[in-house]
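> Sharing a structure here in C-alpha cells format.
2 protein chains.
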Amino acid sequence: MTDTVDCDIRQSVDRISSQMRRDYSESLRELNLYVGQDNLLSRLWQGDGITQMQLCGHLKCEPPTITNMVKSLEQNGFITRKRDEHDARAMRIFLTDEGRELEKPVELKWKQQQEKLLHSILPEERLLLRRILKQMESNLSG
Amino acid sequence: MTDTVDCDIRQSVDRISSQMRRDYSESLRELNLYVGQDNLLSRLWQGDGITQMQLCGHLKCEPPTITNMVKSLEQNGFITRKRDEHDARAMRIFLTDEGRELEKPVELKWKQQQEKLLHSILPEERLLLRRILKQMESNLSG
DNA sequence: ATGCTATATTTAGCCAGCTAAATATAAGTC
DNA sequence: GACTTATATTTAGCTGGCTAAATATAGCAT
C-alpha cells in the first residue's frame, strides 16, 4: 500500500514536470525562447558578466549544455560573449538590450504558469507543499 | 508574498524533476536503459503487441519521439517490431526476453528512487502530497 | 475504378541534456 | 625555461522531446 502511494508520487511528479515543460515550452515560444533559456537569462538579470562555468553552477548542468544554450541565445540576439581580459580561457556573458527586455514578459509567464499549476490549491496547502518540496530537493541533493 | 511562495513552488518542481531525471538516468544506465525507455517498457509489461500510436497515447508524446525510442530499444534488443497483418501502416511492438527480464530490476530502481525522494516525509504528508499532485496534474491537463 | 481524406510512421532539423575527448590557456613545479 | 597539472570551453555523438513535411496505406465517396 505504502509502496503504491509512493510510486504514484514519483510518477506523478514525472507527469507533472513533463506536462509543465510541454506547456511552458509552447508559452515561451511567443517570446522566441526555448525552455531552459529563461533560467539562464534569469541568472543574468541578477547580474551579468559571469562566466560559462559560473552559469553551469547556477543552472546545475554540464559545460557543453551551456555552450549550446549560449550559442543559441547569442544567435537570437539576447546575449553577447566577451573573452575575459585576465583569463583567455573564460568567456563572460552579457545581456543585450533585447535580453534585458525579456525580464518582465518572462516573469509574467512564470506567474501564469504557477497560477495554472496551483489553481484551486489552498494557501495552507501551498505552504505545506512548499515545505515538502524543499525536503524532496534536499533528499535528492544529499 | 503569495507570489513568491507560488513561484518557489514552480521552480522547486522544476529543480526536483531535473535532479530526479539526472539521478535516475545514471541509475538506469546500469540496466543499459535511457530515461523514458522504462516508461515505454512499463506499458509493454502490461501487455505488448500494441501499436506505436497507442504508445504515443500512453506516454503522452509525439509519433517521432516513439519512432526514435523504439529504434533505440530495438537496436539494444529489448523489443521487436512487426507490421500489423491487417493494417500495413501500423507497427506492433513486442517485448523480447531481454525486455521482459528488465521488469523486476526497473521496479527496484523505481522503489529506490521513490525512497530517496520521500525520505523523512511522513505517511500523512505523503497522502496529502499525493492528493495535491493529482490536483496539479488535472490543472495542467485541463 | 478514381479520387479525396484520414491515419501511421518516418525523415529532417531543431533544442535541452548528457559523456568522452579535444583544445587552449593558466598556474604550479622542477 | 620546460614539464606537468588544472581549468574553461568546444566538438562529436548519443538520448528525449518537439514541429513540419514526406511516405505509405486505409477507407470512404462518387
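Each protein sequence line maps, in turn, to chains S and R.
Going by the numbering used here, the first residue of the first sequence is number 16, and it counts up by one from there.
Going by the numbering used here, the first residue of the second sequence is number 16, and it counts up by one from there.
Just so it is clear, CB atoms sit at the ideal spot from N, CA and C, and this is done for glycine as well.
Quick caveat: nothing in here was measured; it's all calculated off a predicted structure.
Using a beta-carbon distance cut-off of less than 8 Å, what residues from the region 136–154 of chain R approach chain S?
I136, P138, E140, R141, L142, L143, L144, R145, I147, L148, K149, Q150, M151, E152 and N154
> Does chain R have any CB closer than 9 Å to the CB of H134(S)?
yes
> Less than 9 Å between the beta carbons of Q129(S) and I147(R), yes or no?
no
> For V28(S) and S32(R), what's the separation of their Cα atoms in angstroms?
7 Å
> Closer than 9 Å by beta-carbon distance: list the chain S residues that pair up with M35(R), in chain order.
R25, V28, D29, S32, M151 and L155
> Against K131(R), what residues of chain S qualify as contacts under a CB-to-CB distance less than 8 Å, listed in chain order?
N154 and L155
> Distance, Cα to Cα, R145(R) vs Q90(S)?
The straight-line gap from Cα to Cα measures roughly 42 Å.
> Specify whether the region 118–127 of chain S and the region 91–108 of chain S touch according to this definition: at least 3 beta carbon pairs, one from each stretch, less than 8 Å apart.
no
> E77(S) to C71(S), Cα distance in whole Å?
6 Å
> What separation, rounded to the nearest whole angstrom, lies between the Cα atoms of M16(R) and Q69(S)?
Confidence is the limiting factor: at M16(R) the pLDDT is only 47, short of 50, which leaves the residue's position unreliable, though a coordinate-based value still follows. Using only the alpha carbons, I get a separation of about 29 Å.
> Excluding sequence positions up to five away, which residues of its chain have a Cβ less than 8 Å from the Cβ of L133(R)?
R141
> Would you mind giving the Cβ-Cβ distance between L88(R) and Q52(R), rounded to the nearest angstrom? I have them listed as a contact below 8 Å.
6 Å
> Give a yes or no on whether the C-beta atoms belonging to F93(R) and E122(R) are separated by under 9 Å.
no
> Does T111(R) come out as helix, strand or coil in the three-state DSSP assignment?
coil
> Rounded to whole angstroms, what's the CA-CA distance from Q61(R) to R36(R)? Just pull it up for me.
23 Å
> For D1(R), which residues in chain S fall below 7 Å Cβ to Cβ?
The question about residue 1(R) has no answer here: the residues shown for chain R are numbered 16 through 157.
> Of all Cβ atoms in chain S, is any one closer than 9 Å to the Cβ of Q128(R)?
yes
> Please check the pair S156(R) and Q34(S), which I expect to be a contact at CB under 8 Å, by giving their CB distance rounded to whole angstroms.
7 Å
> Starting from C60(R), find everything on chain S with Cβ-Cβ shorter than 8 Å and list it in chain order.
For the sequence presented, residue 60(R) should be read as Trp rather than Cys. Correct list: empty, because the minimum Cβ distance to chain S is about 14 Å.
> Got a sec? Which residues, its chain only, sit under 7 Å from N47(S) by beta carbon, not counting five neighbours each side?
Closer than 7 Å at Cβ, skipping near neighbours: N91.
> Could you give the DSSP three-state label for R58(S): helix, strand or coil?
helix
> Enumerated in chain order, which unbroken segments of the alpha helix (DSSP H) with a length of 4 residues or greater are wholly contained in the region 99–154 of chain R?
112–116 and 118–133
> On the criterion of 16 or more Cβ atoms from any shown chain inside 10 Å, does L43(R) qualify as buried, or is it exposed?
buried
> How would you label L55(R), buried or exposed, when you count the other beta carbons within 10 angstroms and need 16 or more for buried?
buried
> Against chain S, which members of the region 36–54 of chain R pass a CB distance test of less than 7 Å?
Flagged, chain order: D38.
> My guess is that S135(S) and Q127(R) are in contact by the Cβ rule of under 8 Å, so how many angstroms apart are they, rounded?
Not quite, the Cβ-Cβ distance comes to about 33 Å (not below 8 Å), so this is no contact.
> Does any residue of chain R bring its CB to less than 9 Å from the CB of K75(S)?
For K75(S), the closest Cβ of chain R is nearer than 9 Å.
> Between the alpha carbons of Y49(R) and V85(S), how many angstroms are there, rounded?
Note on geometry: alpha-carbon atoms of Y49(R) and V85(S) lie some 26 Å from one another.
> With C-beta atoms as the reference, is Y39(S) less than 9 Å away from K97(S)?
no
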